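First residue of the sequence shown? That's -7 in our numbering, and the numbers climb one at a time after it.
The C-beta atom is built at its ideal place from N, Cα and C for all residues, glycine as well.
In this text, all values refer to a predicted model and were calculated from it rather than measured experimentally.
Structure record follows, encoded as structure tokens.
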Amino acid sequence: MSALVVRGLRKSYGNFEALRGLSFDVKKGEIFGLIGPNGAGKTTTIKTIVGLLKPDSGEIRLLGKKMPDKEVLRKVGYMPQDLALYMNLTVEENLEFYSRLYGLSRNEFKERKDEILRFVGLEKFRDRLVVELSGGMQRRASLACALLHKPEFLILDEPTVGVDPHLRASFWRYFRELAERGASLLITTHYMDEAVNCDRVAIVMDGRVLATASPQEIMKKTNSATLEEAVLKLTGYGGA
Ligand SMILES: Nc1ncnc2c1ncn2[C@@H]1O[C@H](COP(=O)(O)OP(=O)(O)O)[C@@H](O)[C@H]1O
Ligand SMILES: [Mg+2]
């Protein structure tokens, strides 16, 4: 069963067409990567899925419902590329803000916050102002906010940009753990070395999907040793 179906998505900014009939599906329990160079249309795609942008045409079905749908969005966790955190609130206050946004009860919030802070390794930093945290810690705080309400579907736009390799590896371990617990994940990245951790990827270029398959299949089909080489062959870009 598909958790997300995107069909023929088109979106223009003025007379520039950023999405040109883009289609892909994300299965339940899968980590799906939207990969491609900067400017490919990844963020535009994500923003149309979460309802921040209205597509010019095309269809989006998320968790069985035609989007936009406010009820479905309650089951979705979204980590934007530009982190949506309040810099002058503490980590815990940011979590509390999102908890209210998602409609969690006081008790649910209390139960969830410790688990989540432990999960992202920010227990000791809960009372720190976000502005005082390192970039990697801010990413972790943003991820914590996106996970607070146990979303069935997680959308993470470049979650590991500016995150050191050690932390990147631990993020990917979280992502796999969430998928194993039954969540579906849509992740964008322009780092090909981490895109191989996805179950399947769609290679996006100029607002279109050039190929959709597992990273291994894409490498095999293009006779490439690495995903980076495969993407280079398909797009003419190095992927970064
Ligand atoms: N608000 C905007 N106004 C005009 N052009 C935009 C806007 N946002 C993105 N674009 C353009 O749309 C294309 C796709 O951008 P984006 O979806 O951010 O790509 P990606 O996330 O893959 O880097 C790029 O050429 C970008 O310059
Ligand atoms: Mg982007």
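Judged by DSSP in its simplified three-state form, Tyr78 adopts coil rather than helix or strand.
Judged by the Cβ position, Thr36 qualifies as a neighbour of ligand 1 at the 7 Å threshold, a heavy atom of the ligand being closer than this. Here the segment 205 to 217 makes no contact with the segment 30 to 46; the two share fewer than three CB pairs at distances below 8 Å. Boundaries of the alpha helix (DSSP H) around Gly128: 127 to 139. In terms of side-chain proximity, the C-beta atom of Asp149 is found nearer than 7 Å to a non-hydrogen atom of ligand 2. Note on geometry: alpha-carbon atoms of Glu209 and Pro72 lie some 29 Å from one another.
The Cβ neighbour count for Ala161, taken over all protein chains shown within 10 Å, is under 16; the residue is labelled exposed.
With 16 or more other CB atoms across the displayed protein chains lying within 10 angstroms of its CB, Pro151 is buried. In the DSSP annotation of this structure, Ala187 is not part of any beta strand (DSSP E); the continuous alpha helix (DSSP H) holding it starts and ends at 184 to 187. Judged by DSSP secondary structure, Tyr90 falls within the alpha helix (DSSP H) whose first and last residues are 83 to 93. Straight across, the Cα-Cα distance linking Leu121 with Gln130 is about 10 Å. Per DSSP, the beta-bridge partners of Phe145 are Val68, Ser176.
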